[in-house]
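Step one of this worksheet: look at the structure below.
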Amino acid sequence: MKSQNSSALLALLGDEVIHASSGMTPEELSYLYIVAESSVFNFEDTLGVCAVELPFVSGVHLVGVPTSISALKWHLRIGNYEAVELEGNFNNIFSLFAEPRQQSQARYVLDPAAMVFVMDFCSKYVWEIIDDTLYFVSENTVPTLDTVDEFVRQIRPAIEVPSDRARNPAKLPYTNGFGRKLHCPRCAEKLVLGRAWMACPNGHGFLLSGSQLIDERESSDTVEYDPAAAAQNMIDEHLTCPYCGGAMQKNRYQTGNLVIDVCTQCPHRWLDGPEIKPIIG
Numbered sequence: 007m008k009s010q011n012s013s014a015l016l017a018l019l020g021d022e023v024i025h026a027s028s029g030m031t032p033e034e035l036s037y038l039y040i041v042a043e044s045s046v047f048n049f050e051d052t053l054g055v056c057a058v059e060l061p062f063v064s065g066v067h068l069v070g071v072p073t074s075i076s077a078l079k080w081h082l083r084i085g086n087y088e089a090v091e092l093e094g095n096f097n098n099i100f101s102l103f104a105e106p107r108q109q110s111q112a113r114y115v116l117d118p119a120a121m122v123f124v125m126d127f128c129s130k131y132v133w134e135i136i137d138d139t140l141y142f143v144s145e146n147t148v149p150t151l152d153t154v155d156e157f158v159r160q161i162r163p164a165i166e167v168p169s170d171r172a173r174n175p176a177k178l179p180y181t182n183g184f185g186r187k188l189h190c191p192r193c194a195e196k197l198v199l200g201r202a203w204m205a206c207p208n209g210h211g212f213l214l215s216g217s218q219l220i221d222e223r224e225s226s227d228t229v230e231y232d233p234a235a236a237a238q239n240m241i242d243e244h245l246t247c248p249y250c251g252g253a254m255q256k257n258r259y260q261t262g263n264l265v266i267d268v269c270t271q272c273p274h275r276w277l278d279g280p281e282i283k284p285i286i287g
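Be aware that the sequence shown starts at 7, since it is given in my numbering, and climbs by one per residue.
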């Protein structure tokens, strides 16, 4: 179920923000470091929030605040949240907040088997999980990327719910700024950026949208591909779209004899090497 609230930590930054940096964790989770635009142009400490794209969707909206940090000091808007009564020694380490009617679910997100690591993490960092994103911010330090990966790994089993939102980016809003890796539907190799498309480094083919295809028809540049590699894959099978994960179906290009793979859920097409030649040259 999608959260009814927006991110409490992002609200700290105000309406105007700057994407200061981005990258990937060792486990290949995309992250953005976001700062308040106002803090960049004054002499106060820069307030920043790191947003990490999760490989799953959480069934609960959680906000964790160490007891050493006052929620009021951070101006966290937790009025719409309920404090979660935690078991064991967790209440002495940090406070956990959840959306109304989610408290019973939230009480059991902390696995006792991972207590030492989780308690250490929660004692240092203000963090939030909402839908498929982890946010965190701290007064003095931010966790290393290795630490973020481990926190995600240990908390995932308790909060993950079935959903196709994480694996179908075409259904996400265009305001989502995270990067992601696209893979060849033939050999699963990571696609690389070509002239105006994503291409298989092994020469199997090209991924591009319908508008890109039209633009490239007017180009006089030639296209390079590996005929031997592409010929091995000219078989009658249905592919999975590398962009959104949707099913692709074979359609005749402009009602001609050339058959290409077209996604049924997003505007992208997959062209095997020989297929792109008569279209673009």
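From the three backbone atoms N, C-alpha and C, an ideal C-beta is built for every residue, glycine too.
*DSSP on N208, reduced to helix/strand/coil?*
Here residue 208 refers to the residue found at position 202 of the sequence shown. In this structure, N208 counts as coil in the three-state DSSP scheme.
*What three-state label does DSSP hand Q255 in the structure shown?*
For the purposes of this step, residue 255 is identified with residue 249 of the sequence shown, where counting begins at 1. If DSSP states are grouped into helix, strand and coil, Q255 belongs with the strands.
*Of the residues D138, A104, H244 and C250, the one placed nearest D267, counting alpha carbons only*: Here the question's residue 267 lines up with position 261 in the sequence shown. Of the listed residues, the one whose Cα sits closest to D267 is H244.
*Using the beta-carbon count (16 or more within 10 Å), is E258 buried or exposed?*
For the purposes of this step, residue 258 is taken as residue 252 along the sequence shown, with counting starting at 1. Strictly speaking, residue 258 in this sequence is Arg, with Glu absent from that position. The residue in question, R258, is exposed, as its Cβ has fewer than 16 Cβ neighbours within 10 Å.
*asked:* If the criterion is Cβ atoms closer than 7 Å, does the pair T246 and P191 meet it?
replied: As a first step, residue 246 is located in the sequence shown; it is residue number 240 there, counting from the start. As a first step, residue 191 is located in the sequence shown; it is residue number 185 there, counting from the start. Contact: yes.
*the segment 57-75 / the segment 122-137 touching (three or more Cβ pairs under 8 Å)*: Yes, they touch.
*asked:* As a quick exercise: from I24, D138, A253 and A104, pick the residue whose alpha carbon is nearest that of S36.
replied: Your numbering for residue 36 matches position 30 in the sequence shown. Nearest option by C-alpha distance: D138.
*Would you identify the three-state DSSP class for D138, choosing helix, strand or coil?*
Numbered from its first residue, the sequence shown carries residue 138 at position 132. Correct three-state label for D138: coil.
*Pairwise C-alpha distance: T73 and V122*: For the purposes of this step, residue 122 is taken as the residue at position 116 of the sequence shown. For the purposes of this step, residue 73 is taken as the residue at position 67 of the sequence shown. Looking at the two C-alpha atoms, the distance is approximately 17 Å.
_Looking at the strands, I want to know which residues DSSP matches up with V143._
Start at 1 with the first residue of the sequence shown, and residue 143 comes out as number 137. In the DSSP output, where bridge partners are listed per residue, V143 has V132.
*Just checking my contact of F127 with P106 at CB under 8 Å: how many whole Å lie between their CB atoms?*
Your numbering for residue 127 matches position 121 in the sequence shown. Your numbering for residue 106 matches position 100 in the sequence shown. Going by Cβ atoms, the distance from F127 to P106 rounds to 25 Å, so no, they are not a contact pair.
*DSSP three-state call for A164: helix, strand or coil?*
Taking the first residue of the sequence shown as 1, we reach residue 164 at position 158. When secondary structure is reduced to three states using DSSP, A164 falls in the helix class.
*With DSSP as the reference, please indicate the residues paired to Y249 in a beta bridge.*
For the purposes of this step, residue 249 is taken as the residue at position 243 of the sequence shown. None; Y249 has no bridge partner.
*Using a threshold of 7 Å, state whether the C-beta atoms of C56 and F142 are closer than that.*
As a position in the sequence shown, residue 56 is number 50, starting the count at 1. As a position in the sequence shown, residue 142 is number 136, starting the count at 1. Result yes, Cβ atoms of C56 and F142 sit closer than 7 Å.
_For L213 and H25, the rounded distance between their alpha carbons_ = Within the sequence shown, the letter at position 19 stands for residue 25. Within the sequence shown, the letter at position 207 stands for residue 213. In a straight line, the C-alpha of H25 is about 28 Å away from that of L213.
*Taking only the alpha-carbon atoms, compute the straight-line gap between A104 and V90 and give it to the nearest angstrom.*
Counted from its first residue, the sequence shown places residue 104 at position 98. Counted from its first residue, the sequence shown places residue 90 at position 84. Their Cα atoms are separated by approximately 7 Å.
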